[in-house]
Amino acid sequence: MNNNPEGSKEYWELFNTKVRPLTEKQQRMITYNFCLLTGNHLDELGKGALQLIKQLTTDHPPSPHYESYQKKLQQKLPNDGMSVYSPLIWALMPGSTSYPVWYAAAIVGLNIAELQLSTLPELTRLTIEILDCFAAK
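See the structure below:
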């Protein structure tokens, strides 16, 4: 992967300053919107994972199946480790000190860009649009 793709600085600055302070639910909404960009490329396993990611944006308790979905997706990764499953795996990751949800959301976007489903400037604009929706509520 290009160490400094176009728009990388702006993308990371946005996530560090604007996404990081959001609630976990809001961060997961950004993640879900990024994952929707994989929708046309997903098989049934991927579509099931996408539904679990959507569930993480609600106030309902997460399904106990999300960890097993994450493992199934990891087992289907190709040898080079990158596929449309990659952003889904990151999106299903529980927040931790090492990988907080805002950081996982940013990695989802990097995966989307690496898969050439969008660009970092487009994902930056999408994130700003989502942030504007949060501010309007």
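Each residue of the sequence shown is one higher than the last, beginning at 923 in the working numbering. C-beta: ideal position from N, C-alpha, C; glycine also.
Exposed unless 16 or more other CB atoms sit within 10 angstroms - verdict on residue i
{"i": "C1055", "result": "exposed"}
{"i": "A1035", "result": "buried"}
{"i": "A971", "result": "buried"}
{"i": "T960", "result": "buried"}
{"i": "L1014", "result": "buried"}
{"i": "T953", "result": "buried"}
{"i": "N1001", "result": "exposed"}
{"i": "L974", "result": "buried"}
{"i": "L944", "result": "buried"}
Beta-carbon contacts of residue i that lie in its chain and below 8 Å, excluding the five residues immediately before and after
{"i": "E932", "result": "L1042, P1043, T1046"}
{"i": "G968", "result": "T960, L995, V1006, Y1007, L1010"}
Residue i to residue j span [Cα, whole Å]
{"i": "N924", "j": "T980", "result": "Confidence in N924 is poor, its pLDDT being 44 and thus under 50, which makes the residue's placement unreliable; the coordinate value appears in the next sentence. Looking at the two C-alpha atoms, the distance is approximately 35 Å."}
{"i": "R950", "j": "Q997", "result": "23 Å"}
{"i": "L958", "j": "A1058", "result": "22 Å"}
{"i": "M1004", "j": "H963", "result": "13 Å"}
{"i": "P983", "j": "E928", "result": "38 Å"}
Nonlocal neighbours in the same chain, by C-beta distance under 7 Å from residue i, ignoring five residues either side
{"i": "S930", "result": "L1042"}
{"i": "V1023", "result": "E946, Q949, R950, G1017"}
{"i": "V1030", "result": "T953, F956, C957, P1009, W1012, A1013"}
The region 979-995 in contact with the region 1045-1053 per 3-pair CB rule at 8 Å: No, the region 979-995 is not in contact with the region 1045-1053.
Inter-stretch contact at 8 Å, needing at least 3 Cβ pairs: the region 1001-1014 / the region 1023-1038: Taking a contact to require three or more Cβ pairs closer than 8 Å, the region 1001-1014 and the region 1023-1038 qualify as touching.
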